[in-house]
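Participant:
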Amino acid sequence: MAKPKVATTSLAGCFGCHMSILDIDERILDLIELVDFDKSPVDDIKTFTGRCAIGLIEGGCSNDENVHVLQDFRKHCDVLIALGDCATMGGIPAMRNTLPLKECLDEAYLNGPTVYNPDRCIPNDAELPLLLDKVYPVQHVVKIDYFLPGCPPSADTIWQTLVALLNNKPLDLPYELIKYD
Amino acid sequence: MSTKQTLKRVVIDPVTRVEGHGKVSLLLDDKNVVRQARMHIVEFRGFERFILGRPYWEVPVTVQRLCGICPVSHHLAAAKAMDLIVGADTLPPTAEKMRRLMHYGQMLQSHALHFFHLVSPDLLFGFDADPAIRNVIGVARKFPDLAVQGVMLRKYGQEIIKATAGKKIHGTGAIPGGINKNLSVAERDAFLKDVDRMMDWSRGALKVAKDYTVEHLETLAPFGSFDSNHLSLIREDGAMDLYHGNLRAINAGGDTIFDQVDYQDYTDYIAEEVRPWSYMKFPFIKSLGPENGWYRVGPLARVNTCDFIDTPEAEAARQEFMALTGNKPNNITMAYHWARMIELLHSMEKIVALLNDPDLQGTDLVAKGDRREEAVGLIEAPRGTLFHHYKVNADDQVVMCNLIVSTTNNNEPMNRAVAGVARDYLSGNEVTEPLLNHIEVAIRAYDPCLSCATHAMGRMPLVVELFGADGALLDRRVKE
Ligand code: SF4
């Protein structure tokens, strides 16, 4: 029987949640026996090769490209897990939500003490995705099946969740693993 | 008709197996000669603005959320700035050494992650190998011993971070003026038990990187290479120091541009140019101007700028490395990997020395002095010099924040490497997946952390699209 597939992505996150996946350490070698990785930063598969059992989403949505990737994950995955506080609540990037976006851009590209910008330009190339007015948690954009809190959720939290779901067991995390930061 | 209209656009989106989300755009003329090559950073966070008004003591914990790969670097750079804000000009030895231990643990885990998990597939299988196996899982299947060593070296570094910072990712150990815990005897003994194995594996990793570079030197030497200036922190006696020092910059031939500059004055020496096509700015040395003042940072720059390394095995490795280029600075892009593994061994040697230092069990953890309003904190992060600069008002609120992250310093060099490889390998050819991977190989040499650079992170498929002058799609390839 073909192994179930797992896909992962990082949207407006810091990659710390992906590092926490890697923090399962030696168990990675067990994991690649249990599942095949599809689209994910841990391998070189860049577009979905088929239906996935589980999709892990790090980070919220900060630009239009994040939205498209997230919608693509919903389309291809049976179960979507919001991994960490950024996906669940927007996290630190959502601190910009109380401010006009323009102020953030001005601070970075016009006002900083080391800025050299004689033309006073703000990056605006067609190659750059469109920034959203705010940073949105993932459940504001698509339906999410599970939420794992933490910044990042610990490796044990991620490991136990994956093992339970892959074995069709109920997800019953001990109290110590459910932590907010 | 302007030339622009006759050019075809090729996009690599995103660059993969790097830490973060960037893309490359190429403009080709009708003979497929590359006319323009750019690496774009496509995410933006706005940290410098939304941190304003927050209490200063919160910053070392919040700012590391820029980057989950090297959170310790941001944690410590911010803490070093906040030390000065609270007037702690000198930290108690226990505090400084705990932070150093945390930092060397961070170097070890980050360099191991980059070398084993991200880059080794290119080196072991070849730049144009089948992408289905050209990944860390392929390495785990074909070279299980090496994969396990990579996983365990990284784990050791992560455990050290946990013991010093409280958590493997986004810890809280460094506080303004010091540290919030020491190292228990039990923690120390658990680490000491494994040091021989870790030293062996670090030597092994260095050997893999060195042998690979030497064996393939003919291909690697010109690969995305160019002369450049180099910048890093340096100890007062000229030794490599990853945690603290003064700024030194040298040119491609090894002549001094400036030396032993107090980094509190960095704004007199460094500026950053804004270009409309990237969220990542382009730093340069002010005295040389934006055209000629750009420089490289990170392992290659550090090995080039230092006079010596103060641990014996890494110093022997450095001498061997420098001999390759006649003791002049090494300007080979692909030599970054070798230099990075010299630092991996150096960090491991430092860890052993620190673990044997009884100061780590000291109980004097925090210093304090007269409050300041402005301070700069610098550190040599795994990817290079990291600048944090803050102003704090009398109500303890941050009123100014400026960050130049390591990867940003390498913005111009990465763009040059992309342009060079595109010109040498793509020009005149049909665009294929293996050729595009060559461009990514050059970018990966810099171990760019685009997460940091966007003050961001995300990965997507590599899609290359060729458009004709009229905007019509000519060819599309998806890297699977
Ligand atoms: S939840 Fe924390 S670790 Fe995860 S992406 Fe956000 S900031 Fe990084």
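For the protein sequence lines, the chains are A and B, in the order given. First residue of the first sequence: 13, per the working numbering; consecutive thereafter. First residue of the second sequence: 1078, per the working numbering; consecutive thereafter. Where is the CB? At the ideal position from N, CA and C, for every residue including glycine. Just so it is clear, the structure is predicted and the values come from calculations on it, not from any experiment.
Quick test of your reading: CYS163(A) and ASP97(A), contact by CB under 8 angstroms. State the CB separation rounded to the nearest angstrom.
Facilitator: Start at 1 with the first residue of the first sequence, and residue 163(A) comes out as number 151. Start at 1 with the first residue of the first sequence, and residue 97(A) comes out as number 85. The Cβ separation is near 4 angstroms, so the contact holds.
Participant: Helix or strand or just coil, what does DSSP make of CYS10(A)?
Facilitator: In the structure displayed, chain A extends from 13 to 193; residue 10(A) sits before or after that span and is not available.
Participant: Between the C-alpha atoms of VAL1374(B) and THR1462(B), what's the straight-line distance to the nearest angstrom?
Facilitator: Mapped onto the second sequence, residue 1374(B) falls at position 297. Mapped onto the second sequence, residue 1462(B) falls at position 385. Roughly 6 angstroms separates the two Cα atoms.
Participant: Would you tell me roughly how many angstroms separate the C-alpha atoms of GLU1236(B) and ARG1265(B), rounded to the nearest one?
Facilitator: As a position in the second sequence, residue 1236(B) is number 159, starting the count at 1. As a position in the second sequence, residue 1265(B) is number 188, starting the count at 1. GLU1236(B) and ARG1265(B): Cα-Cα distance of roughly 11 angstroms.
Participant: Please list the terminal residues of the continuous alpha helix (DSSP H) segment that includes LYS1219(B).
Facilitator: Indexing the second sequence from 1 puts residue 1219(B) at position 142. Unbroken alpha helix (DSSP H) run through LYS1219(B): 1213–1219.
Participant: Can we count ARG1274(B) as close to the ligand SF4, meaning its CB is less than 6 angstroms from some heavy atom?
Facilitator: Start at 1 with the first residue of the second sequence, and residue 1274(B) comes out as number 197. Checking every heavy atom of the ligand SF4 against the Cβ of ARG1274(B), none is found closer than 6 angstroms.
Participant: Please confirm if GLY227(A) has its CB atom under 7 angstroms from at least one CB of chain B.
Facilitator: In the structure as shown, chain A begins at 13 and stops at 193. Residue 227(A) is therefore absent and cannot be evaluated.
Participant: Cβ of GLU1451(B) within 6 angstroms of any heavy atom in the ligand SF4?
Facilitator: The count along the second sequence starts at 1 and reaches residue 1451(B) at position 374. Result no, Cβ not under 6 angstroms from the ligand SF4.
Participant: Quick one: is HIS1152(B) near chain D, going by C-beta distance under 7 angstroms?
Facilitator: Considering every chain present, this structure includes no chain D. Its protein chains are A and B.
Participant: Where does VAL1351(B) sit, in a helix, a strand or coil, going by DSSP?
Facilitator: Here the question's residue 1351(B) lines up with position 274 in the second sequence. Note: VAL1351(B) maps to coil in three-state DSSP.
Participant: Under a CB-based cut-off of 7 angstroms, is ALA1114(B) close to chain A?
Facilitator: For the purposes of this step, residue 1114(B) is taken as the residue at position 37 of the second sequence. For ALA1114(B), the answer is no, since every Cβ of chain A falls outside 7 angstroms of its Cβ.
Participant: What in chain A is Cβ-close to LYS1100(B), meaning under 8 angstroms?
Facilitator: Start at 1 with the first residue of the second sequence, and residue 1100(B) comes out as number 23. Here the neighbours are GLU139.
Participant: How would you list, in chain order, the residues of chain B whose beta-carbon sits under 8 angstroms from the beta-carbon of ARG108(A)?
Facilitator: Reading the first sequence from its first residue, position 96 is the one you call residue 108(A). Those within 8 angstroms of ARG108(A) in chain B are ARG1122, GLY1123, ARG1126, PHE1127.
Participant: Under 6 angstroms: does the beta carbon of GLY1505(B) sit that close to some heavy atom of the ligand SF4?
Facilitator: Taking the first residue of the second sequence as position 1, residue 1505(B) is located at position 428. Result no, Cβ not under 6 angstroms from the ligand SF4.
Participant: Report yes or no: is there a C-beta of chain B within less than 7 angstroms of the C-beta of PHE267(A)?
Facilitator: For chain A, the structure presents residues 13 to 193; residue 267(A) sits outside this window and is missing.
Participant: Pull up the distance between the alpha-carbon of VAL153(A) and that of PHE1204(B), whole angstroms please.
Facilitator: The residue given as residue 153(A) occupies position 141 in the first sequence. The residue given as residue 1204(B) occupies position 127 in the second sequence. Taking the straight line joining both Cα atoms gives about 38 angstroms.
Participant: Give a yes or no on whether the minimum CB-CB distance between THR1344(B) and chain A is below 7 angstroms.
Facilitator: The residue given as residue 1344(B) occupies position 267 in the second sequence. Judged by the 7 angstroms Cβ criterion, THR1344(B) is in contact with chain A.
Participant: Helix or strand or just coil, what does DSSP make of LYS1232(B)?
Facilitator: Along the second sequence, read from residue 1 onward, the residue named residue 1232(B) stands at position 155. Note: LYS1232(B) maps to helix in three-state DSSP.
Participant: Is ARG1142(B) near the ligand SF4, with its Cβ less than 6 angstroms from a heavy atom?
Facilitator: In the second sequence, the residue the question calls residue 1142(B) occupies position 65. ARG1142(B) Cβ: within cutoff of the ligand SF4.
Participant: Please list, in chain order, the residues of the stretch 153–174 of chain A that have any C-beta partner in chain B closer than 7 angstroms.
Facilitator: CYS163, PRO164
Participant: Given a threshold of 16 other Cβ atoms within 10 Å of its Cβ, counted over all protein chains shown, does TYR192(A) qualify as buried or as exposed?
Facilitator: Residue numbering aside, residue 192(A) sits at position 180 when the first sequence is read from its first letter. So TYR192(A) counts as exposed.
Participant: Might you give, ordered along the chain, the residues of its own chain that have their beta carbon closer than 8 angstroms to the beta carbon of PRO48(A), omitting 5 neighbours on each side?
Facilitator: Counted from its first residue, the first sequence places residue 48(A) at position 36. Note that residue 48(A) is Asp in the sequence shown, not Pro. Taken in chain order, the residues that qualify are ALA14, LYS15, PRO16, LYS17, VAL18.
Participant: Chain A partners of ILE1347(B), CB-CB under 9 angstroms?
Facilitator: For the purposes of this step, residue 1347(B) is identified with residue 270 of the second sequence, where counting begins at 1. Taking the beta carbon of ILE1347(B) as reference, the chain A residues within 9 angstroms of it are THR126, listed in sequence order.
Participant: In whole angstroms, what is the alpha-carbon distance linking ASP1342(B) and HIS1466(B)?
Facilitator: Sequence index remark: in the second sequence, residue 1342(B) carries index 265 (1-based). Sequence index remark: in the second sequence, residue 1466(B) carries index 389 (1-based). C-alpha separation (whole angstroms): 11 angstroms.
Participant: Taking CB distances under 7 angstroms as the criterion, tell me whether GLU188(A) reaches chain B.
Facilitator: Working through the first sequence from its first residue, we reach residue 188(A) at position 176. No, because no Cβ of chain B sits closer than 7 angstroms to the Cβ of GLU188(A).
Participant: Using a Cβ cut-off of 8 angstroms, pull out every chain A residue sitting near TRP1354(B), in sequence order please.
Facilitator: In the second sequence, residue 1354(B) corresponds to position 277, counting from 1. PRO135, ASP137, GLU139, LEU140, listed in chain order.
Participant: Examine the Cβ distances between the stretch 128–146 of chain A and the stretch 1350–1366 of chain B and report whether three or more of them are shorter than 8 angstroms.
Facilitator: yes
Participant: Rounded to whole angstroms, what is the Cα-Cα separation between ALA1217(B) and VAL54(A)?
Facilitator: Locating residue 1217(B) in the second sequence gives position 140, where the first residue counts as 1. Locating residue 54(A) in the first sequence gives position 42, where the first residue counts as 1. The straight-line gap from Cα to Cα measures roughly 12 angstroms.
Participant: Keeping to the same chain, check which residues put their C-beta closer than 6 angstroms to that of ASN1470(B); ignore five residues upstream and five downstream.
Facilitator: Reading the second sequence from its first residue, position 393 is the one you call residue 1470(B). These residues qualify, in order along the chain: VAL1476.
Participant: Are the stretch 1182–1201 of chain B and the stretch 1156–1169 of chain B touching, with three or more C-beta to C-beta distances below 8 angstroms?
Facilitator: no
Participant: List the residues of chain B that TYR121(A) touches, going by C-beta distances under 8 angstroms, in chain order.
Facilitator: Taking the first sequence and counting its residues from 1, one reaches residue 121(A) at position 109. Per Cβ cutoff of 8 angstroms: VAL1351, LYS1358.
Participant: Measure the C-alpha to C-alpha separation of HIS30(A) and GLY1145(B) and round it to an integer number of angstroms.
Facilitator: As a first step, residue 30(A) is located in the first sequence; it is residue number 18 there, counting from the start. As a first step, residue 1145(B) is located in the second sequence; it is residue number 68 there, counting from the start. HIS30(A) and GLY1145(B) have their C-alpha atoms some 8 angstroms from each other.
Participant: Please list the partners that GLU45(A) has in chain B, where partner means a Cβ-to-Cβ separation under 9 angstroms.
Facilitator: Your numbering for residue 45(A) matches position 33 in the first sequence. In chain order: nothing, as chain B lies at least about 10 angstroms away.
Participant: Ignore the nearest five residues each way along the sequence and tell me which others in VAL1149(B)'s own chain have a CB closer than 8 angstroms to its CB.
Facilitator: The count along the second sequence starts at 1 and reaches residue 1149(B) at position 72. The residues are GLN1141, MET1179, HIS1180, GLY1182, GLN1183, ILE1238, ALA1242, GLY1248.
Participant: Could you run through the stretch 1246–1273 of chain B and flag, in chain order, every residue whose CB is less than 9 angstroms away from some CB of chain A?
Facilitator: ILE1246, HIS1247
Participant: Going along chain B, which residues have a C-beta under 8 angstroms from ASP193(A)?
Facilitator: By 1-based counting over the first sequence, the position of residue 193(A) is 181. Result: HIS1247.
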